[in-house]
Structures are given as C-alpha cells and as structure tokens.
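Chains as they are written, first to last, in the working numbering: chain A, 272 to 579; chain B, 1467 to 1741.
Single-structure report; data block below.
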Amino acid sequence: MTNSNIDIRDAFFDEIYNLAKADPRVILLVADMGAFSLVKFKKDFPSQFINVGIAEQNMVSVAAGLALAGRKVFIYTIIPFITQRCYEQVKIDLCSMNLPVTILGVGPGLTYGNDGPTHHGTQDIAIMRALPEITILNPSDAIMAAASINISYKNSGPTYIRIDKGKIPEIYNQESDFQDGLAELKDGGDLTIIATGIMTHQALKAAQELNNRGLSTGVVDLYRIKPLNKEKLLKIIDNSKRLVTLEENSIVGGIGSAISEFLTDNGKIIPLKRIALPDTHCFESGDRNSLLAFYNLNIDGIIKTILN
Amino acid sequence: MGTEKIHKLREKANWIRQRVLEMITNAGKGHIGGAFSCADILAVLYYGDVLRFQAANPDWVDRDRFILSKGHSSAALYVILSDLGYFPSAELNNFQKENCILGAHPGLKVPGIEADSGSLGHGLGIGAGLALNAKLDKKEYLTFVLMGDGECCEGSVWEAAMFASRQKLNNLIGIVDKNGLCSTDFLENCVKMESFEQRWETFGWDTVAVDGHSFEELIPVFSQTRSRESEKPLMIIANTTKGKGVSFMEGKPEWHHSVPNQEQFELAKKELNRE
Chain A
272 MTNSNIDIRD AFFDEIYNLA KADPRVILLV ADMGAFSLVK FKKDFPSQFI
322 NVGIAEQNMV SVAAGLALAG RKVFIYTIIP FITQRCYEQV KIDLCSMNLP
372 VTILGVGPGL TYGNDGPTHH GTQDIAIMRA LPEITILNPS DAIMAAASIN
422 ISYKNSGPTY IRIDKGKIPE IYNQESDFQD GLAELKDGGD LTIIATGIMT
472 HQALKAAQEL NNRGLSTGVV DLYRIKPLNK EKLLKIIDNS KRLVTLEENS
522 IVGGIGSAIS EFLTDNGKII PLKRIALPDT HCFESGDRNS LLAFYNLNID
572 GIIKTILN
Chain B
1467 MGTEKIHKLR EKANWIRQRV LEMITNAGKG HIGGAFSCAD ILAVLYYGDV
1517 LRFQAANPDW VDRDRFILSK GHSSAALYVI LSDLGYFPSA ELNNFQKENC
1567 ILGAHPGLKV PGIEADSGSL GHGLGIGAGL ALNAKLDKKE YLTFVLMGDG
1617 ECCEGSVWEA AMFASRQKLN NLIGIVDKNG LCSTDFLENC VKMESFEQRW
1667 ETFGWDTVAV DGHSFEELIP VFSQTRSRES EKPLMIIANT TKGKGVSFME
1717 GKPEWHHSVP NQEQFELAKK ELNRE
C-alpha cells in the first residue's frame, strides 16, 4: 500500500469538479461547510455552487426541486446534520421520489472526536439503511472516493456517500472496478473480517498480525453497504469458517446488523462477531485515534476482541 | 374583470366541493375542511388562465409547476386534474381504495402531480429548487406552492423562505391558505400568529393579503403573477374559512378529518347545490 498524496475528501470534490466541468447540470449545494478543494470549484463554477446556509432540511428540499427539473445534485455537510437533522426530507423528497441526488456526509464515526456526540457519525448507517431506494457507499481510499462520485452520478436514484478526511493509504489502483459493491482483499481459511470504510485498513493490519500468529484471516471491504451483493456475499460466507464485522459505527444497525440479517435471511449458520462502537453516546474527550483505542477499535483492541 | 368569468369560476369551485364531498363520503375518510378552504384558490389557478399546462403532456418542460404542499387537500386537486384530462374521472370513485392511484396524499404516480406531499413543510423548499432551476436555465415557467397556515409552524418553511428571497426567486409564488386552524385546534391556541403577513415581508418576500374566497380579489392578484417586476418571491396570504361552503363545517376543527354521515352528506349537498 502506498500513501496517497491526496486528502480523501479532496478526491471526492476533485471528481465532482470534473463532472461539473463536463456537465453544466451538475450542481453542488453545501450547508455552510467547506473543504480545501471547494475553493476552486466555487471560483470556476459559481453558478453550480450554492451555500444554502445552516439549513439542512431546506438543502434537501431544494436539491429535490433541482433534481425534479433534471439536474444532477450533490449536497454536502457533516454526517449527523445531513442524515439525522433532515431525515424526513431525505425520506420523502429524495427517496420516495427516487431522485438522483447524492448526499455527501463528512465525518464517519468518531472523525470529529473532540466535538462530541453532536458531531459524531455513528448512527447514520443504521437509519440510512432503512430507506428503500438509497445506495450507500463507504469508500476506503481516495481512488474509490473518486469512483464513488462517478457511480452516484450515473445512479438514477439517491446515493449516500460517507466521506472521510485526511491522507489515507491507497488500497486500490486506477484499474480497480467498483461495480461489485465489495472487494476480497485477502484470503483466509480460518476467519473473514468484513470491514467498511476506514476500518478496512485496520482489518488489513489486524489480519496481518493474526496471520503471523497462525490464524489465517481474510479481509473483505464492504464499500457498498446497500444494496448488498448477495451472490458475492454468499460465496464469501460459504468459504469462511468464522465471520467478524468491523465498523466505526454503532453496534446497532450498522454492517454487523446488515450481515447478521443477511445470514438469517439466507439460512446460513456461521459464528459471527460484531466489532463496532458500543450503543452509547461518546462523551469522552480525545481525537479520533484515542477514542478508537478507548473503544478497542485500534489494531490491538481488534485483535484482542477477535482472539477472545 | 368579466362577471361571466367570475360566475364560471364560482360554479367550478362549487362543483369541486361537491365532488370532494362525494369522494370523501364514499371513501369513508379524507380531509374535507382543508380541501374546501382552498377550492376557490385551486379553481382560479387551473381554470382562471393562471397556470400554463398541457394535460395531454404532463411532462411538458415549460409548464408551470404547482405543488400542493398541504397534501391532505388532495381530493380537491384530484377533481381538477381528472376534469382537465390528466387521468379518467372514474378514478375519483376509487379515491383511497385498493389499487387506486389516488391516495390520501398526492404523489408522483398521479399524472399532473409535481411532488410527493403530505408531510408538511417540504413544498416551499422543493418549489424553490424548481424556481432556481428555471433561473439557471433561463426558463419562463413559474412555480406555485400552496401551503396551510398550520403548516407554517414547520421551521423548514422559514428556511425555504430565507433561501428563496436570497436567491431572488421572483418566479416563485407561495400561497398560504390561512384558515386559522390546524388539525385539532385553532392555530392561535398553539402558536403566535400575529403579524403573519409582515413576517413574510421581513423574510424578503412581496406579500399580498386577499379574501381567499373572493374571485374579485383572487383573479387580479393571480393574473399579475407573470408580469411582476419585483426581484422578490411573492407570498399570497389567502384568508379563508376551513370547511367553506357548508355551514356546519365552517371554522370547526373537527371537520379537518371528519367524514359526513348520510344525513350530513345530504345537508351538505343541499347547501352546495344552493350556491
């Protein structure tokens, strides 16, 4: 894995920039939220960029109106504000009407560690997964980030993309294809970790260590949380002895829940351990890494939980 | 303004109310009070040469957009859309019944409906998006959004209000069917409603207050919506009576959602026939 030269958040917006350049019907709405690469976007495409102010409900409804008239709309702010604050607008205005609007939520899990529960994105997978028409993408590197923007651009319905921040090592390359919704990154005979988003990196590191300790551990990057790729998942499950799900999201309703529902619905009986954030609001003070360690979502904690 | 036109619109609005009465009684459910309070407004919009539309071509790109943000008044709009040919009138007999496209609240599957509604406080923002699109594409179409005054308790209405005036959406026309009632109570028992018109002005809108049952007042206001020179969006505050047209329903909170029994149906029909 090589370290990316680009901040994953900029990878998203650079791709939207490219789309906006090629297609004047692309428009980006933000609810008083910035990013380094947005400065250029705003300057070069002023009529395709609107800051609606701190008004997420209205941002979603305006996006719906623009999409009803044929525009390709991207909307952007922090995860809890763009999913929970305006959930009903997302449900009715985007999902019920099945409109091609891309919801870009920044700050998965404990990204905004010190900012507290108001800014933590720990319940969004659970609630967004309950919306029938939506596609949910949770990219794990900058290459997939750019690809996910193109996937959502081509989608005829709504897409929710979780956006991370910072320079993150690259897992994929320009030839990678993201149509499958998941990628088998590592084979393992004893155990398969199904991870999503940034946790895929933790899974790869933990798998390496577990392999060193004699436990053959595979890793799957579940970057499309909805819809699940049934065929591929069944194949992975059939080739596994044990499953672990790993996510930076509440234990309630995240990918652990999605996989356990999948196992039940498909009559699969296999040990499954769900590793996630606990069902509690996080009032601990600390940055993302220290909070992940606090909740045993660092490499050591993950290994300990798996071996227990 | 021709008296003949006024006479025709009055007859049309009365006919809409009669059909709504039949539909809701037939279905055994529905929102009759709010449908009656906005019937005259809808008649002017659709039969008073205000809205531009092509019933045979509902997706005509240059059509005006009308959003019934107070979606519970759907029955009145369904009557009009079927009358204009968007779908067969026979469908009205199945209102809210199994396999009927006409649900209690309108949605995109009904020809002529521009947006799903029913949850209040969404329409003005969606309308602002449609109006913004017209500005960006230099299209001439207008966007009309009909809300209730009870609906204006929703904060999202005011988010949209601030946005629309900032974007200078003078092609967006809001209408408040101000009947003074919400679902279970008089609005003034719930929230402060004073200076309602001035509030819109403060939010950067042109406003005009009219008697929402007077065609003499409604027609000139709506007929000028296309020739306005202002940069501001326009809010038409239509003072109305919930349950308008049937004396025992007028201004009564219980007629938000009540269904007439046979005796009430006959009485209501008689009153509407007399109009």
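Glycine included, every Cβ here is placed at the ideal spot set by N, Cα and C.
{"Asked": "Boundaries of the alpha helix (DSSP H) in which PHE1561 (chain B) is found, first to last residue", "Found": "No alpha helix (DSSP H) contains PHE1561 (chain B), which DSSP labels as neither H nor E."}
{"Asked": "Residues that PHE1456 (chain B) bridges to, as DSSP identifies them", "Found": "What the structure shows of chain B is the stretch from 1467 to 1741, and residue 1456 (chain B) is not part of that stretch, so it cannot be assessed."}
{"Asked": "Three-state secondary structure assigned by DSSP to LYS1698 (chain B)", "Found": "coil"}
{"Asked": "Three-state class that DSSP yields for GLY524 (chain A) in the structure shown", "Found": "coil"}
{"Asked": "Neighbourhood of ASP1643 (chain B) by C-beta distance below 8 Å, restricted to the same chain and skipping five residues each side", "Found": "GLY1500, SER1503, CYS1504, ILE1507, LYS1536, SER1539, LEU1612, MET1613, GLY1614, ASP1615, GLY1678, ALA1704, THR1706"}
{"Asked": "Span separating the alpha-carbon of ASP395 (chain A) from that of LEU375 (chain A)", "Found": "12 Å"}
{"Asked": "For ARG433 (chain A), the residue or residues it bridges with in DSSP", "Found": "A:GLY376"}
{"Asked": "Option in A:SER411, A:ASP412, A:ILE407 with minimal Cα separation from LYS422 (chain A)", "Found": "The identity of residue 422 (chain A) in the sequence shown is Ile, whereas the question assumes Lys. Ranking A:SER411, A:ASP412, A:ILE407 by Cα distance to ILE422 (chain A) puts A:ILE407 first."}
{"Asked": "Within the segment 396-454 of chain A, ranges of the alpha helix (DSSP H) (whole runs, at least 4 residues)", "Found": "413-425"}
{"Asked": "Alpha-carbon to alpha-carbon, LEU1684 (chain B) and VAL1676 (chain B)", "Found": "7 Å"}
{"Asked": "CB contact below 8 Å: HIS1538 (chain B) versus chain A", "Found": "no"}
{"Asked": "Under 8 Å from the C-beta of ILE1592 (chain B): neighbouring residues of chain A", "Found": "SER332, VAL333, ALA335, GLY336, LEU339, ASP364"}
{"Asked": "Secondary structure of LEU514 (chain A), DSSP reduced to three states", "Found": "strand"}
{"Asked": "With 16 other Cβ atoms within 10 Å as the buried cut-off, status of GLN473 (chain A)", "Found": "buried"}
{"Asked": "Inter-stretch contact (C-beta, 8 Å, three-pair minimum) for the segment 317-337 of chain A and the segment 289-303 of chain A", "Found": "yes"}
{"Asked": "Through-space distance from GLU1606 (chain B) to VAL1437 (chain B), alpha-carbon basis", "Found": "No answer is possible for residue 1437 (chain B): it lies beyond the span of chain B, which begins at 1467 and ends at 1741."}
{"Asked": "Beta-carbon proximity check, ILE1592 (chain B) vs SER332 (chain A), cutoff 8 Å", "Found": "yes"}
{"Asked": "Beta-bridge pairing of VAL1611 (chain B) - partner residues as DSSP gives them", "Found": "B:ILE1533, B:GLY1640"}
{"Asked": "For TYR494 (chain A), the three-state DSSP class (helix, strand or coil)", "Found": "coil"}
{"Asked": "Within the segment 536-569 of chain A, ranges of the alpha helix (DSSP H) (whole runs, at least 4 residues)", "Found": "559-565"}
{"Asked": "LYS1710 (chain B) - DSSP class collapsed to helix/strand/coil", "Found": "coil"}
{"Asked": "Separation of TYR383 (chain A) from ARG1694 (chain B), as counted between CA atoms", "Found": "48 Å"}
{"Asked": "Residue-chain proximity (ALA326 (chain A), chain B), Cβ-Cβ < 8 Å", "Found": "yes"}
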